[in-house]
Structure formats: structure tokens, C-alpha cells
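Chains A and B, in that order, are what the protein sequence lines are.
With the first letter of the first sequence counted as 1, position 159 gets the number 163 in this note's numbering; the numbers rise by one all the way through.
With the first letter of the second sequence counted as 1, position 170 gets the number 663 in this note's numbering; the numbers rise by one all the way through.
Below is one structure, written out as C-alpha cells, with a few remarks after it.
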Amino acid sequence: MSSPELPEKLEELMAGYVLGNLSSEEAEQLQRLLAEHPEQAKELNSLQEVLELMPYALPEVTLPQHLRQSILEEANVEIKQESPRKQFSLPWRQMAGSIAAVLVVALGWDNYNLRQNLTAVQTEVARQKDVIAMLRNPDTHLVSLKGMDMASAATGRIVMTPGEPKSVLILQNLPVLPEGKFYQLWSVVRGEKIPSGQFNASEKGTVLVKLPTPSALEVTGLVVTVEVSPVPQSPSGPMVMTSNL
Amino acid sequence: MDLDSADSSPINEVLQTDAEVFRALKGGESKALGILYDRYASLVYRLALRILANPQEAEDLTQEIFLNLWRSGKYNPDRGSLSSFLTTMTRSRAIDKLRSRGTKLKFLQRWGQMMTAETPSPTPFEVASLSQRSQQVNSALAQLPSSQRQVLEMAYYDGLSQSEIAKKLDTPLGTIKTWSRQGLLNLRKNLKDFIE
Numbered sequence: 005m006s007s008p009e010l011p012e013k014l015e016e017l018m019a020g021y022v023l024g025n026l027s028s029e030e031a032e033q034l035q036r037l038l039a040e041h042p043e044q045a046k047e048l049n050s051l052q053e054v055l056e057l058m059p060y061a062l063p064e065v066t067l068p069q070h071l072r073q074s075i076l077e078e079a080n081v082e083i084k085q086e087s088p089r090k091q092f093s094l095p096w097r098q099m100a101g102s103i104a105a106v107l108v109v110a111l112g113w114d115n116y117n118l119r120q121n122l123t124a125v126q127t128e129v130a131r132q133k134d135v136i137a138m139l140r141n142p143d144t145h146l147v148s149l150k151g152m153d154m155a156s157a158a159t160g161r162i163v164m165t166p167g168e169p170k171s172v173l174i175l176q177n178l179p180v181l182p183e184g185k186f187y188q189l190w191s192v193v194r195g196e197k198i199p200s201g202q203f204n205a206s207e208k209g210t211v212l213v214k215l216p217t218p219s220a221l222e223v224t225g226l227v228v229t230v231e232v233s234p235v236p237q238s239p240s241g242p243m244v245m246t247s248n249l
Numbered sequence: 494m495d496l497d498s499a500d501s502s503p504i505n506e507v508l509q510t511d512a513e514v515f516r517a518l519k520g521g522e523s524k525a526l527g528i529l530y531d532r533y534a535s536l537v538y539r540l541a542l543r544i545l546a547n548p549q550e551a552e553d554l555t556q557e558i559f560l561n562l563w564r565s566g567k568y569n570p571d572r573g574s575l576s577s578f579l580t581t582m583t584r585s586r587a588i589d590k591l592r593s594r595g596t597k598l599k600f601l602q603r604w605g606q607m608m609t610a611e612t613p614s615p616t617p618f619e620v621a622s623l624s625q626r627s628q629q630v631n632s633a634l635a636q637l638p639s640s641q642r643q644v645l646e647m648a649y650y651d652g653l654s655q656s657e658i659a660k661k662l663d664t665p666l667g668t669i670k671t672w673s674r675q676g677l678l679n680l681r682k683n684l685k686d687f688i689e
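Rendered as C-alpha cells:
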């Protein structure tokens with residue numbers, strides 16, 4: 005510890021981080037302190053663990069009797085049908101070619117703009133490397149998205165790797181939205197749509213963005229809508245793209 | 494233990510650590526899922542029921558959590574305990590469901606990627622039974638000042654933001670933040686011998 009007041013302040017900030025109540029200044033301060041004291045990062049984990057112990061204090065309840073059996077039966081059925089992972093990973097090889105083509109188009113179209121701005125180029129290069137690394141990973145899933153209605157010409161893919169926090173969304177031929185409107189990606193989980201990231205199309209109608217990987221729990225589909233709110237809780241605008249997992 | 498071999502590896506239900514059972518689960522042994530269910534279903538279900546306040550939804554979510562563990566095998570023992578992986582997932586999914594019901598709730602931030610990987614050695618906590626764990630956590634929570642405990646519970650179970658809590662309790666936001674942070678730090682202090 006280089007300064008005496010550090011551990012206490014850092015502890016408090018880490019508790020705030022785990023509780024999700026840091027102000028943006030505090031978040032910056034925490035980031036800075038952690039960069040100076042990387043060995044403290046494991047404390048975050050320990051505090052998260054402590055927070056996650058809370059449910060042990062809940063009163064005991066009796067589990068529904070049939071639940072254990074129904075979960076195990078379902079798991080055994082999946083063994084017999086072969087794991088869904090395996091069915092999923094088959095198409096990726098065939099799709100890798102087309103995804104590369106989409107990439108070339110998306111990046112090619114953007115080339116002029118990229119030359120204008122070195123930082124943007126570097127970002128794009130980093131993204132390309134990421135995408136290429138993701139494509140090499142045999143666990144990577146490619147999911148196609150198809151346009152409809154006002155975006156009927158739109159096509160694209162989302163590239164997801166289990167365990168990777170970010171997915172890459174690559175779309176083309178999307179209409180450019182007027183100011184104040186956004187494209188919003190939703191993951192469909194048990195019929196409910198969970199917000200999964202927002203983005204805009206470039207002037208050429210292309211999209212190449214990294215978004216948080218949709219929480220993998222039983223995602224059965226992806227949907228893109230047009231929204232006016234930057235943080236919509238549920239879709240209110242028109243649906244423009246869909247996919248089925 | 495060769496998990497890729499066709500013979501099912503024997504699983505000792507009592508002595509194996511969660512990480513060992515999880516390895517067997519990843520090897521496709523559904524018996525391992527049964528063991529983890531016996532260890533954690535009650536915790537997952539309790540938490541789901543507390544947040545969702547609906548037995549059917551709590552049951553569905555419990556099923557979802559265990560089948561997801563089975564299908565994706567995403568848990569990484571180097572990142573933390575299975576117990577906390579399951580509660581984190583249960584809580585975030587449950588609060589998600591609350592939000593999608595139209596309730597205005599703020600997500601607690603998921604913990605980032607910044608922690609370092611450590612190979613965990615079993616702590617007293619890990620070898621304790623569910624009822625021992627419940628007892629320890631209950632008494633550690635009981636030692637907190639009631640304001641700290643209340644704010645922690647509101648943030649954890651109801652997914653309320655600090656400003657929503659401040660409003661509900663008619664207390665300045667800064668005080669709420671201090672209570673919850675101190676509450677968490679005190680909770681860790683009270684559980685220190687148990688978790689380290």
C-alpha cells in the first residue's frame with residue numbers, strides 16, 4: 005500500500021462497484037486505483053462472493069417434488085438427441101465464407117471513411133482481428149438476421165462465442181435512421197424480449213459493432229426494432245430484423 | 494479422472510468439491526447434475542421465489558438455471574464459487590423477468606472481467622452443509638446495523654437503485670450509499686473466518 009488512506013477508500017469504492025452504486029467520478033477513481041494496484045482486483049471478486057451469499061439467509065422452503073426429476077429427464081433427453089451445441093456448430097463452417105464476404109463488403113464500403121481518421125482505422129483493425137479470432141474459434145456461433153418491412157433488403161449476422169463477453173454484429177443494407185432513432189437488438193428468452201444493445205447504421209447502411217453477448221440462457225431468437233428511447237425496457241417501435249437460433 | 498472415456502467415472506456425492514462434480518457434468522454425466530441440484534436447488538429456488546414472489550415462475554427459473562448449467566457448462570471454477578455463479582445468474586435472470594413485467598428496476602452491475610484467476614482451495618464455507626451456511630450467513634447479517642442490512646436487502650432482492658431506496662426510506666442518497674457499502678464490507682468482515 006503506497007498511501008495510508010488507500011485501502012479504506014479502495015475498499016469502499018469496490019463495495020460500491022459490486023453494489024452497482026458508483027458515480028461516474030467514483031468509477032473513474034476506482035479504475036485508476038485498480039490500475040495502480042492490480043493486486044487488489046481479486047478483492048472485487050471476494051466482495052461479489054460475499055454479496056452472493058445473501059440468499060443463504062432466506063428462510064428454507066420446500067422444493068417442488070417433481071422438479072428434480074423433470075430437470076434430469078430433460079437433461080437426459082438432450083444427451084440422446086446429441087448436444088444442441090453440436091448441431092449449432094455445424095453450419096458455422098459453411099457460413100464462415102459468407103460472413104467473411106459480409107465483412108469484406110462492410111469494411112470495403114467503409115474504407116473511404118476509415119482513411120479520414122486514423123483512430124477509426126485502428127479501431128476497425130482491432131475489430132477485424134477480433135472477428136477473425138472469433139471465427140477461428142470452433143465454439144463460435146453465427147446467427148443470420150433477415151430484414152423485414154422498412155428494412156426488407158437488410159441482411160447480416162451476429163458472431164457469438166460462448167464465454168466471450170462481446171459479440172459482433174455485422175449488418176448491411178439497413179436504412180439510415182433519422183436523428184433521435186436507434187436500432188435496438190433484443191434477445192428473445194421464453195417469449196420475452198430482453199434489451200441486448202443499441203446501434204446505428206453507417207451512411208452506407210452497414211453496421212459493424214460489438215455488443216454484449218446476449219445472455220445465453222435459452223435465447224430462442226434475436227430481434228431488431230427501431231426505438232426512440234436510448235434505454236428502452238421493452239420494444240415499442242417497428243420490428244425490422246429477426247433471426248431464429 | 495478421464496472424463497472423455499466412455500465409462501462413467503464414479504462420482505462420490507459427499508466428498509467431491511463442486512469443481513470436481515462440475516467437471517464430471519461437463520463430461521456429460523447427468524448424475525453430476527443431480528448432485529449439484531441436491532446441493533443448490535434449494536438456494537436457487539429460494540432466491541427465485543424471494544425475487545419473483547411466484548412459485549411457478551420460481552420453479553421455471555430453477556429449471557432454466559440448472560438446464561443452462563448442463564447445456565452451456567459456462568461456469569469457470571477459477572472465477573469464483575459455483576454457489577455464487579448460480580445465485581448471480583438466478584438473481585440477474587429473476588430481476589430481468591421482473592423488469593420485463595414492466596416494473597422499473599435497476600440492474601445491479603455484473604462484476605467485470607478484472608479479477609485475477611485464482612485456484613480456489615476449499616474454504617470452511619465450501620465444505621459446510623446448506624444449513625450450516627444458512628446459519629453462518631444469518632448470524633453475519635444479524636450482526637449488521639439494521640439500516641445497513643435493510644439497504645443491502647433492498648438492493649439485492651428488489652433490484653432497486655440507490656436513489657429508489659433513498660426515496661423509499663426518505664434518506665439522503667449519500668447515506669444510503671454509505672450504508673450499503675459499509676454493510677457489504679461488514680458482512681465480509683463477519684464472514685471472514687468462514688470464507689477464507
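For each residue, glycine too, the CB sits at the ideal point set by N, CA and C.
Remember, it's a predicted structure, so these values are computed and weren't measured experimentally.
Hey, out of the options, whose CA is closest to residue i's CA?
i	options	result
A:Ser206	A:Leu178, A:Glu16, A:Pro216, A:Val193	A:Leu178
B:Arg642	B:Lys670, B:Ile688, B:Arg516, B:Leu575	B:Lys670
A:Glu183	A:Lys170, A:Val172, A:Leu173, A:Phe203	A:Phe203
A:Leu51	A:Leu17, A:Lys170, A:Pro236, A:Gln33	A:Leu17
A:Leu26	B:Phe687, B:Leu666, B:Asn683, B:Leu634	B:Leu666
B:Asn569	B:Glu513, B:Ala633, B:Glu522, B:Glu550	B:Glu513
A:Asp153	A:Lys185, A:Arg161, A:Gly241, A:Glu77	A:Gly241
B:Ser656	B:Glu646, B:Thr668, B:Tyr650	B:Thr668
According to DSSP, is residue i helix, strand or coil?
i	result
A:Gly151	strand
B:Arg543	helix
B:Lys590	helix
A:Tyr187	strand
A:Gln202	strand
A:Arg161	strand
A:Glu231	strand
B:Ser576	helix
A:Asn115	Any reading at A:Asn115 must be qualified, since the residue scores a pLDDT of 44, below 50, and its modelled position is unreliable; the value itself is stated next. Residue state, collapsed to three classes: helix.
A:Val211	strand
A:Val223	strand
B:Lys567	coil
B:Gln655	helix
B:Leu645	helix
A:Val172	strand
A:Pro216	strand
Applying a beta-carbon distance threshold of less than 7 Å, which residues of chain B neighbour residue i?
i	result
A:Gly20	Lys670, Arg674
A:Gln237	Arg592
A:Pro68	Glu552
Buried or exposed for residue i, going by 16 or more other Cβ atoms inside 10 Å?
i	result
B:Leu560	buried
A:Thr144	buried
A:Ser191	buried
B:Gln629	buried
B:Arg626	buried
B:Ser673	buried
A:Leu23	buried
A:Thr217	buried
B:Asn679	buried
B:Phe578	buried
B:Asp511	buried
If the cut is a Cβ gap below 9 Å, which residues of chain A does residue i touch?
i	result
B:Ala512	Residues of chain A passing the Cβ test: none, with the nearest at roughly 15 Å.
Taking residue i and residue j to be in contact with their CB atoms under 8 Å, please state how far apart those CB atoms are, rounded to whole angstroms.
i	j	result
B:Ala587	B:Leu554	6 Å
B:Thr581	B:Leu540	About 10 Å separates the two Cβ atoms, so there is no contact after all.
A:Val211	A:Leu173	6 Å
A:Glu3	B:Arg564	With chain A covering only 5 through 249, there is no way to say anything about residue 3 of chain A.
A:Ser247	A:Lys150	7 Å
List the residues of chain A whose Cβ lies closer than 8 Å to the Cβ of residue i, in chain order.
i	result
B:Asn631	Tyr60, Ala61
B:Trp539	One detail in the question is off: residue 539 of chain B reads as Arg in this sequence, not Trp. Going along chain A in sequence order, the residues near B:Arg539 (Cβ under 8 Å) are Pro59, Leu62, Pro63, Glu64, Val65.
B:Ile688	Ser50, Glu53, Val54, Leu57
Starting from residue i, find everything on chain A with Cβ-Cβ shorter than 7 Å and list it in chain order.
i	result
B:Asp589	Ile198
B:Phe515	The contacting residues do not exist; B:Phe515 stays about 14 Å from chain A at best.
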